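> Submitted below is the structure of interest, expressed as structure tokens.
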Amino acid sequence: MTRTDEELVARSQSGDVDSFNQLIVRWERPIYALAYRVLGREEDARDVCQDTFLRAYRALPGFKGQAKFSSWLYRIALNLCRDWIRRQQRAPVSQIPEDVDPAELLAEREPTESIEDLVARRELSAIVAEAMKSLSDEQRTAIILKEYHGMTFQEIADMQGCPLSTVKTRLYQGLSQLRRQLERRGHGMPELVKRT
Amino acid sequence: MSLTFECGDKNALVAYLYEECEPELRDVISGHLTRCDACSNEIDGLGWTRRRLEVWTPPMPELGFQMPVPVQDARLPWWRAPMPAWAQAVAALLIFGVGLSVGLARGPAPAPQVSSNPPAASAEPAPTNGPTRTDLAQLEERLKSEIAQMRSATPVRQVVPASDEDVMKKVEALLAQSEERQRREFTLRTVEMARDFETQRRIDMASVREAVGQFQGVTGTEIRQQREAIDRINSLIRVGQQGR
Numbered sequence: 013m014t015r016t017d018e019e020l021v022a023r024s025q026s027g028d029v030d031s032f033n034q035l036i037v038r039w040e041r042p043i044y045a046l047a048y049r050v051l052g053r054e055e056d057a058r059d060v061c062q063d064t065f066l067r068a069y070r071a072l073p074g075f076k077g078q079a080k081f082s083s084w085l086y087r088i089a090l091n092l093c094r095d096w097i098r099r100q101q102r103a104p105v106s107q108i109p110e111d112v113d114p115a116e117l118l119a120e121r122e123p124t125e126s127i128e129d130l131v132a133r134r135e136l137s138a139i140v141a142e143a144m145k146s147l148s149d150e151q152r153t154a155i156i157l158k159e160y161h162g163m164t165f166q167e168i169a170d171m172q173g174c175p176l177s178t179v180k181t182r183l184y185q186g187l188s189q190l191r192r193q194l195e196r197r198g199h200g201m202p203e204l205v206k207r208t
Numbered sequence: 044m045s046l047t048f049e050c051g052d053k054n055a056l057v058a059y060l061y062e063e064c065e066p067e068l069r070d071v072i073s074g075h076l077t078r079c080d081a082c083s084n085e086i087d088g089l090g091w092t093r094r095r096l097e098v099w100t101p102p103m104p105e106l107g108f109q110m111p112v113p114v115q116d117a118r119l120p121w122w123r124a125p126m127p128a129w130a131q132a133v134a135a136l137l138i139f140g141v142g143l144s145v146g147l148a149r150g151p152a153p154a155p156q157v158s159s160n161p162p163a164a165s166a167e168p169a170p171t172n173g174p175t176r177t178d179l180a181q182l183e184e185r186l187k188s189e190i191a192q193m194r195s196a197t198p199v200r201q202v203v204p205a206s207d208e209d210v211m212k213k214v215e216a217l218l219a220q221s222e223e224r225q226r227r228e229f230t231l232r233t234v235e236m237a238r239d240f241e242t243q244r245r246i247d248m249a250s251v252r253e254a255v256g257q258f259q260g261v262t263g264t265e266i267r268q269q270r271e272a273i274d275r276i277n278s279l280i281r282v283g284q285q286g287r
């Protein structure tokens, strides 16, 4: 039987570490993905992911369930990312492998995808990662939370501590900026698709 | 939320794009988009950009981080818990003791009956009613071997007293390790940056020195050539004056 987050949190709060470990298994990948997209480095994302769960465990007795457990976890992760960037005093750097292992490529390939398509997808992925760096931290975070974590405007507003309208503005401006960046890198919207 | 839509209202367009607006407002905006090229192009462009974002997938390494589980949480019900070694030994002694007392209570084994007939050439001992000392010794041996088997089959977990406090201490230690690792990494990067900067500075200085040296060399050669030319002219003038 699959337990809900709330049930696992309650059990964890009463000292059941196994339940907390189940929460880790459930949420470690989304938290890692969030940290990776914000920080842009695999090992940094891994460290932030681990720290997130350690801090969450330490703060668990104080968690009263006002927010969803996942939102609480995301907030801890985002705060850690912010601290990390501040401490490192550097812009997020995307880790783009210089040499590509063909075996790795084959393993990553979708069943219906040709190698050429896969290479193109990876290239575009790297371009998107680069384009994301041109956004402000707030715009980038808003887009990441919306696009990759499916949060509502209200959840993002709570997470970023800003009004709902600000979230919409950040999303609009961020997407527009991304569009321009992609166009500049030769990945703009084809004319045929545009309505006239 | 207002159900009126003004052409070019970016917040409303974003809400429409992410399908987070009232159904009535959505209908209003949909109707507007059929008439307004600017807004429909805007929505198309934003949607296109969103689709580009789908390809950005992070590498997903094996994570598998787990909190240390305290021993008390792994406790089994008493009837399923493995018996500690001392309890097994006590049980064995108890069984042995009971067996021994039963054996003694039944008295010594009856003496073999004397028969007028010569004993059969058989080494079979005479049957007895109770267990003999040999039986008890065998029982002891069997119990010992069974206990030894039980020990090897069910390893007794070392009970380490652990509590929430211990777990928190472990968490604190892990956090401290993590922070220390981050600090070390930061220091390492700073040192690397400083080293790179120093190397670059030295290269730049060497280039500047080389350039200045070349310039000085060129200048010196030119001056020397000019002096030689002047000397030649002077000597020609002198020769000319002497010839007059």
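Listed in order, the protein sequences are those of chains A and B. So for the first sequence, the working numbering puts the first residue at 13; every next one is plus one. So for the second sequence, the working numbering puts the first residue at 44; every next one is plus one. Just so you know, even glycine gets a beta-carbon here, dropped at the ideal spot from N, CA and C. Just so you know, these numbers come straight off a predicted model, no measurement behind them.
Quick one: measure Cβ to Cβ for B/L60 and B/L89, integer angstroms, because I've assumed they're closer than 8 Å.
The Cβ separation is near 5 Å, so the contact holds.
> Which bits of chain B does A/K158 rub up against, with CB to CB less than 8 Å?
Per Cβ cutoff of 8 Å: Y61.
> Give me the residue from A/G74, A/L72, A/Q62, A/G198 with the minimum Cα distance to A/A89.
A/Q62
> Count the other C-beta atoms from every protein chain shown that fall within 10 angstroms of the C-beta of B/W129, then say buried if there are 16 or more, exposed otherwise.
exposed
> Anything in the stretch 24-50 of chain A with a Cβ closer than 7 Å to a Cβ of chain B? List those residues in chain order, please.
Answer set for the stretch 24-50 of chain A: G27, D28, V29, D30, F32, N33, I36, E40, R41, Y44, A45, Y48, R49.
> Flag B/T92 as yes if its beta-carbon sits less than 7 Å from any beta-carbon of chain E, otherwise no.
Going by chain labels, chain E is absent from the structure shown, which instead holds the protein chains A and B.
> Can you find a CB in chain B that lies within less than 7 Å of the CB of A/E54?
yes
> Tell me which residue opens and which closes the alpha helix (DSSP H) that A/D28 is part of.
Where A/D28 is concerned, there is no enclosing alpha helix (DSSP H), given that its DSSP letter is neither H nor E.
> Just the C-alpha distance for B/R149 and B/V141, rounded to the nearest angstrom, thanks.
12 Å
> Cβ of A/D17 less than 7 Å from any chain B Cβ?
no
> The alpha helix (DSSP H) that contains B/P66, what's its start and end?
66-78
> Residues of chain B with CB under 8 Å from A/Q100, in chain order?
F229, R232
> With A/T64 as the anchor, note down where its alpha helix (DSSP H) starts and where it stops.
54-71
> Given that B/S73 touches chain A, what residues does it touch there, using C-beta distances under 7 Å?
Simply none; closest approach about 14 Å.
> Assign A/C174 to one of three DSSP states: helix, strand, or coil.
In the structure shown, A/C174 sits in coil (DSSP, three-state: anything other than H, G, I, E or B).
> Identify every run of the alpha helix (DSSP H) within the stretch 219-281 of chain B, keeping only runs that are complete inside it and at least 4 residues long; order them along the chain.
none
> Roughly how many whole angstroms lie between the Cα atoms of B/Q109 and A/T64?
12 Å
> DSSP on B/D288, reduced to helix/strand/coil?
Because residue 288 of chain B is not part of the residues shown, which for chain B are 44 to 287, the question remains open.
> The ligand HEM heavy atoms versus the CB of A/L92: any closer than 6 Å?
This structure simply doesn't include the ligand HEM, nor any ligand for that matter.
> Let me know if B/N277 comes out buried or exposed under the rule of 16 or more other beta-carbons within 10 Å of its beta-carbon.
exposed
> Please determine, among A/L136, A/L35, A/Y184, A/E40, the residue with the shortest C-alpha to C-alpha distance to A/E150.
Per the Cα distances, A/Y184.
> Determine the chain A residues that contact B/M248 at a beta-carbon separation under 7 Å, and present them in chain order.
Result: empty, since nearest Cβ-Cβ is about 27 Å, beyond 7 Å.
> Taking Cβ-Cβ distances below 7 Å as the criterion, which residues of the stretch 162-181 of chain A are in contact with chain B?
T164, F165, S177, K180, T181
> Please report the distance separating the alpha-carbon of A/D59 from that of B/Q225.
9 Å
> With DSSP as the reference, label B/Q285 as helix, strand or coil.
helix
> On the premise that B/V210 lies in contact with A/V21, defined as a C-beta separation below 8 Å, what is that separation, rounded to the nearest angstrom?
Not confirmed; about 16 Å, so no contact.
> Name, please, each residue of chain B whose Cβ falls closer than 8 Å to the Cβ of A/D59.
S221, R224, Q225
> Roughly how many angstroms separate the alpha carbons of A/R49 and A/R41, rounded to a whole number?
Roughly 12 Å separates the two Cα atoms.
> For the structure I just gave you, are there three or more beta carbon pairs, one from the stretch 196-203 of chain A and one from the stretch 167-186 of chain A, closer than 8 Å?
Three or more beta-carbon pairs separated by less than 8 Å are not found between the stretch 196-203 of chain A and the stretch 167-186 of chain A, which leaves the two stretches without contact.
> Return yes when the Cβ of A/K180 is within less than 7 Å of the Cβ of B/N84, no when it is not.
no
> Based on Cα-Cα distance, which residue from B/E63, B/E49, B/G51 lies nearest to A/F165?
B/E63
> Please decide whether B/F108 counts as near chain A, where near means a Cβ-Cβ distance under 7 Å.
yes
> Please name the residue, chosen from A/E54, A/P73, A/V37, that lies closest to A/G27 on a Cα-to-Cα basis.
A/P73
> Along the chain, where does the alpha helix (DSSP H) containing A/D95 start, and where does it finish?
81-100 is the span of the alpha helix (DSSP H), which, as asked, contains A/D95.
> In whole angstroms, what is the alpha-carbon distance linking A/L147 and A/R191?
11 Å
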